[in-house]
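Below is one structure, written out as structure tokens; comments come after it.
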Ligand code: A2R
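Here it is, written out as structure tokens:
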């Protein structure tokens with residue numbers, strides 16, 4: 147039996163490449179010197195695509211070269227690297243890798259929150275610089291008696307909230323809809339939650355609907371004792387407004403795992419002492435990245451065995467195809 151052709155635009159983990167090499171004919175776009183010529187030749191044969199943020203956006207330009215593409219398996223729970231509207235218009239199913247990273251991202255979020263408040267990286271730098279020999283490290287802010295507002299109480303947001311319960315802090319959330327059966331305080335407006343809380347944790351999807359959700363007005367509402375933790379997407383925060391708020395002490399501090407133009411981080415943030423900066427590592431453990439990679443592979447295998455996608459994104463045509471059957 148002939149194997150199905152799969153395109154990988156940018157390099158993914160060796161375990162994913164090995165698994166796809168076993169079951170499919172895997173085409174490595176990033177290794178091609180003449181990308182256009184390669185796509186012209188191989189493009190019409192491609193039926194599946196394994197996407198990651200490394201190679202940039204999977205958009206109409208790339209899809210235009212792939213007239214027989216059926217499925218895009220994207221690495222990561224966020225899929226703002228894929229133009230899902232354009233994919234849906236072309237009848238292409240898109241899958242992501244939800245759930246398998248919830249605990250890892252939630253753990254890192256708690257770590258980043260405490261690191262930011264208790265200034266753990268700053269204290270480490272202080273010791274290494276020999277400063278402790280001269281004087282004790284200055285007293286830090288605290289998590290004690292804080293009110294934490296979670297922006298996006300989804301799968302990961304709930305895992306963060308469950309962990310926070312162990313820290314004796316008050317927990318609130320904001321999203322577009324109030325959730326049934328959730329005991330945390332709901333704030334229909336983000337500004338209202340920012341005014342009521344002194345920690346904001348962003349864990350929404352990226353993309354147009356959440357772009358600059360956290361802007362100068364929200365940061366002002368959060369106030370001078372306020373701390374922002376962003377483990378969502380860089381686009382969710384107006385980075386210029388955040389830099390200004392940190393510089394002018396409009397807010398106290400920030401812990402950031404994501405940035406607007408990764409991997410470039412504004413020098414102003416790098417030079418600041420009241421921020422903890424991470425290179426987008428929330429899900430980046432060997433264990434969890436392996437599970438995410440396996441889900442990319444499993445989605446492609448399931449699709450080409452005729453069993454449908456395992457984890458289609460909500461915008462994908464698959465749900466629409468399923469609806470009439472479900473109704474019947
Ligand atoms: O708005 P709702 O009620 O649908 O709640 C969702 C919330 N959300 C928003 N909140 C405020 N304004 C918006 N424009 C907005 N859009 C979505 O984000 C929901 O509570 C949450 C997303 O939850 P899940 O879909 O379960 O995503 P998961 O697996 O927790 O991952 C969240 C994101 C990824 O998309 C990556 O960007 C990042 O975490 O790693």
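Residue numbers (our numbering): 147 to 474.
For glycine and all other residues, C-beta sits at the position ideal for the given N, C-alpha and C.
The ligand FAD heavy atom lying under 8 Å from the CB of residue i
{"i": "residue 425", "result": "Ligands displayed in this structure: the ligand A2R; the ligand FAD is not among them."}
Close-in-space but distant-in-sequence residues of the same chain around residue i (CB under 6 Å, 5 per side omitted)
{"i": "residue 295", "result": "318, 339, 343 and 346"}
{"i": "residue 149", "result": "170 and 171"}
{"i": "residue 309", "result": "252 and 256"}
{"i": "residue 283", "result": "269 and 272"}
{"i": "residue 311", "result": "none"}
{"i": "residue 450", "result": "150"}
{"i": "residue 219", "result": "196, 241, 442, 445 and 446"}
{"i": "residue 254", "result": "428"}
{"i": "residue 155", "result": "175 and 201"}
CB-CB length for residue i against residue j, believed under 8 Å
{"i": "residue 175", "j": "residue 153", "result": "6 Å"}
{"i": "residue 264", "j": "residue 286", "result": "5 Å"}
{"i": "residue 335", "j": "residue 382", "result": "With a Cβ gap of about 16 Å, residue 335 and residue 382 do not count as contacting."}
Contacts around residue i, its chain only, beta-carbon distance under 7 Å, and the 5 residues preceding and following it disregarded
{"i": "residue 157", "result": "176 and 200"}
{"i": "residue 159", "result": "435 and 439"}
{"i": "residue 267", "result": "261 and 422"}
{"i": "residue 472", "result": "Unreliable positioning characterises residue 472 in this predicted model, as indicated by a pLDDT of 38, which lies under 50. The coordinate reading is nonetheless provided below. Excluding positions up to five away in sequence, the list is empty."}
{"i": "residue 245", "result": "301"}
{"i": "residue 411", "result": "405 and 423"}
{"i": "residue 325", "result": "299"}
Same chain, Cβ closer than 8 Å to residue i, five either side skipped, listed in chain order
{"i": "residue 518", "result": "The structure shown does not extend to residue 518, since the chain is modelled only from 147 to 474, so the question has no answer here."}
{"i": "residue 474", "result": "Confidence is the limiting factor: at residue 474 the pLDDT is only 33, short of 50, which leaves the residue's position unreliable and the question unanswerable from this model."}
{"i": "residue 181", "result": "175"}
{"i": "residue 480", "result": "Lying before the first or after the last residue shown, residue 480 is absent from the chain, which here runs from 147 to 474."}
Bridge partner(s) assigned by DSSP for residue i
{"i": "residue 376", "result": "348 and 402"}
{"i": "residue 217", "result": "194 and 239"}
{"i": "residue 245", "result": "The partner list for residue 245 (beta bridge, DSSP) is empty, contrary to what the question assumes."}
{"i": "residue 407", "result": "410"}
{"i": "residue 174", "result": "154"}
{"i": "residue 319", "result": "296 and 332"}
{"i": "residue 360", "result": "383"}
{"i": "residue 396", "result": "The partner list for residue 396 (beta bridge, DSSP) is empty, contrary to what the question assumes."}
Whether residue i touches residue j by CB criterion (9 Å)
{"i": "residue 348", "j": "residue 359", "result": "yes"}
{"i": "residue 261", "j": "residue 401", "result": "yes"}
{"i": "residue 243", "j": "residue 223", "result": "yes"}
{"i": "residue 403", "j": "residue 374", "result": "no"}
{"i": "residue 151", "j": "residue 193", "result": "yes"}
{"i": "residue 456", "j": "residue 241", "result": "yes"}
{"i": "residue 94", "j": "residue 316", "result": "Residue 94 cannot be examined here, being either before or after the span of the chain that is shown, 147 to 474."}
{"i": "residue 448", "j": "residue 250", "result": "no"}
{"i": "residue 166", "j": "residue 196", "result": "yes"}
{"i": "residue 162", "j": "residue 463", "result": "no"}
{"i": "residue 389", "j": "residue 414", "result": "yes"}
{"i": "residue 247", "j": "residue 428", "result": "yes"}
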